[in-house]
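S.K.:
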Ligand code: PLP
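Residue numbers (the working numbering): 5 to 405.
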């Protein structure tokens, strides 16, 4: 007998949360850890945003806000979305939630019937399949491969669609691969979606402001605005403004869907924290140079990491176009033996061995749907990123047949 519901059997603790628990234990034991699992910017939230929160508190913005999000914030989101997607959303088609994660969750909860399929391209953000399961849907993993820079193949997408398909999840820049689609690639996907009017699309744009070489991530709505009636845009302030702890995300889409999501929210959290919403308003309407500065800093770290990893025997790393992760292929190392006799049988074992030998923490690629890879976050101090990558290279060099 257990108090835990049947549906929880399919759902696991997020691997990054699980990794954090292990790393805290190792630190308590006195080990020095270089943590390259981190899924958040290491910057402080910019001062003008913090000040806006203090002012909100002082001015008494401490009561229940509108459950769907404050009007000024929803208006600011609407203004931002015109820049990011080209679509002008009225405020009743926008919802503010407790992080982008809750937007995704509200959307799945309010749209999935039992057994509805959700196409999740792999590698995927670890939470997608579990969230789909929690909402009673069936995750359908769509493989991509490194030769296409882990981007969805339109023909493979067409083959994966069935009459039960409800959603396609899109995430660019991708966590974990950093892949960004260009306009032509988005148009090819839009063609498939036009031919399949039962399929809706969630675009998780949480890393879209953090791209490299000054090249923005084009949005599918910019190339196919006709699809707006079945696209839910998901974004937030966590990554672009270093505001992960404030928990503000937003969604924009067709009226019926947003209305249903607002009902889920009104019956679960009653909406996002009022003070965080004031801070997010300052983030979206204030100076934007912090976002570009963060992206530049991440690009330097990406380049530093790739310069080292590209000389590590057995690793193939595609250069990410945005976000703050590298997703190297390590299949050439599987089956090799370490100097202490340990045989590396999988990406998870490689990651464990690297942690044990060097104190460098990574996440296994199997958790992201692509065994034979791992995820390295470069959202740590550049010296730690360099030292961590040197240590990984040393481990790779020491493995033998
Ligand atoms: N989507 C992706 C792809 C992410 O990587 C993350 C966080 O790691 C989120 C959504 C969650 O964002 P938020 O902090 O706004 O809930």
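C-beta atoms are modelled at their ideal positions from N, C-alpha and C, and glycine is treated no differently.
Treat the numbers as computed from the prediction; the structure is a model and nothing was measured.
Entirely within the stretch 174-215 and at least 4 residues each: give me those alpha helix (DSSP H) ranges in chain order.
M.R.: Segments of the alpha helix (DSSP H) lying fully in the stretch 174-215: 187-199.
S.K.: Measure the C-alpha to C-alpha separation of residue 55 and residue 247 and round it to an integer number of angstroms.
M.R.: Rounded to the nearest angstrom, the two C-alpha atoms are 13 angstroms apart.
S.K.: Could you tell me if the beta carbon of residue 371 falls within a distance shorter than 8 angstroms of some heavy atom in the ligand PLP?
M.R.: Because no heavy atom of the ligand PLP lies under 8 angstroms away, the Cβ of residue 371 does not count as near it: no.
S.K.: Looking at C-alpha atoms only, which residue of 190, 266 and 155 is the closest neighbour of residue 111?
M.R.: Closest option to residue 111, Cα to Cα, is 266.
S.K.: Give me the Cβ distance between residue 326 and residue 236, rounded to the nearest whole Å; I'm assuming they're in contact under 8 angstroms.
M.R.: Contact flag wrong, Cβ pair sits at about 20 angstroms.
S.K.: Cβ atoms of residue 332 and residue 313: under 9 angstroms apart, would you say?
M.R.: Contact flag set, yes.
S.K.: For residue 376, which residues from the same chain have a beta carbon less than 7 angstroms from its beta carbon, with the 5 sequence-adjacent residues on both sides left out?
M.R.: So the qualifying residues of the chain are 333, 334, 335, 338, 351 and 369.
S.K.: Terminal residues of the continuous beta strand (DSSP E) containing residue 110?
M.R.: First-last for residue 110: 104-115, but that is the alpha helix (DSSP H), not the beta strand (DSSP E).
S.K.: Considering only the beta carbon of each residue, do residue 125 and residue 146 sit closer than 9 angstroms?
M.R.: Their beta carbons are under 9 angstroms apart, which means residue 125 touches residue 146 by this criterion.
S.K.: Name the two residues that bound the continuous alpha helix (DSSP H) containing residue 7.
M.R.: Residue 7 -> no alpha helix (DSSP H), and no H or E assigned at all.
S.K.: Using the C-alpha atoms, what's the distance from residue 77 back to residue 416?
M.R.: Nothing can be reported for residue 416: it is not among the residues displayed for the chain, which extend from 5 to 405.
S.K.: Count the other CB atoms, across all protein chains shown, that sit within 10 Å of the CB of residue 372; report buried if there are 16 or more and exposed otherwise.
M.R.: Classification for residue 372: buried.
S.K.: Between the beta-carbon of residue 67 and the beta-carbon of residue 278, is there less than 9 angstroms?
M.R.: Taking 9 angstroms as the Cβ cut-off, residue 67 and residue 278 qualify as a contacting pair.
S.K.: Tell me, please, whether the stretch 205-212 touches the stretch 152-162 by the rule of three or more beta-carbon pairs shorter than 8 angstroms.
M.R.: The stretch 205-212 is not in contact with the stretch 152-162.
S.K.: I'd like the list of long-range same chain contacts for residue 238, defined as Cβ closer than 8 angstroms, with 5 residues on each side in sequence excluded.
M.R.: Excluding positions up to five away in sequence, the list reads 104, 107, 108, 111, 206, 207, 208, 209, 210, 253, 254 and 255.
S.K.: Taking C-beta to C-beta, are residue 64 and residue 383 nearer than 9 angstroms?
M.R.: No, they are not a contact pair.
S.K.: My assumption, with CB atoms under 8 angstroms, is that residue 173 sits in contact with residue 91. Please give the rounded CB distance.
M.R.: With a Cβ gap of about 19 angstroms, residue 173 and residue 91 do not count as contacting.
S.K.: Check whether the stretch 389-399 and the stretch 350-367 are in contact - that is, three or more C-beta pairs closer than 8 angstroms.
M.R.: Yes: the two stretches touch, three or more of their Cβ pairs being nearer than 8 angstroms.
S.K.: Hey, residue 414 and residue 283: beta-carbon distance below 9 angstroms or not?
M.R.: This structure does not reach residue 414, given that the chain is present from 5 up to 405, and the question cannot be answered.
S.K.: Is residue 279 helix, strand or coil by DSSP?
M.R.: Helix at residue 279.
S.K.: To the nearest angstrom, how far is the alpha carbon of residue 168 from that of residue 199?
M.R.: Each residue's Cα considered, the two are about 15 angstroms apart.
S.K.: Among 115, 153, 70 and 113, which residue has its Cα nearest to the Cα of residue 100?
M.R.: The candidate whose alpha carbon is nearest that of residue 100 is 70.
S.K.: What's the gap between the Cα of residue 291 and the Cα of residue 84?
M.R.: Distance between the alpha carbons of residue 291 and residue 84 is about 13 angstroms.
S.K.: Report the option in 75, 379, 129 and 62 whose CA atom is closest to the CA atom of residue 18.
M.R.: It is 129 whose Cα lies nearest to the Cα of residue 18.
S.K.: Looking at the ligand PLP, does it come within less than 8 angstroms of residue 108, judged from the CB to the closest heavy atom?
M.R.: Flag set: Cβ of residue 108 near the ligand PLP.
S.K.: Are there 16 or more other CB atoms within 10 angstroms of the CB of residue 180, so buried, or fewer, so exposed?
M.R.: Buried, because 16 or more other Cβ atoms sit within 10 Å of the Cβ of residue 180.
S.K.: Does the beta-carbon distance from residue 390 to residue 308 come in below 9 angstroms?
M.R.: A contact, by the Cβ cut-off of 9 angstroms.
S.K.: According to DSSP, is residue 263 part of a helix, a strand, or is it coil?
M.R.: In this structure, residue 263 counts as helix in the three-state DSSP scheme.
S.K.: Using only CA atoms, which one of 380, 116 and 51 lies nearest to residue 170?
M.R.: With distances taken between Cα atoms, residue 170 lies closest to 116.
S.K.: Look at the Cβ atom of residue 241, then the Cβ atom of residue 288, and state whether they are nearer than 9 angstroms.
M.R.: Closer than 9 angstroms, so yes.
S.K.: What separation, rounded to the nearest whole angstrom, lies between the Cα atoms of residue 94 and residue 82?
M.R.: Distance between the alpha carbons of residue 94 and residue 82: 7 angstroms.
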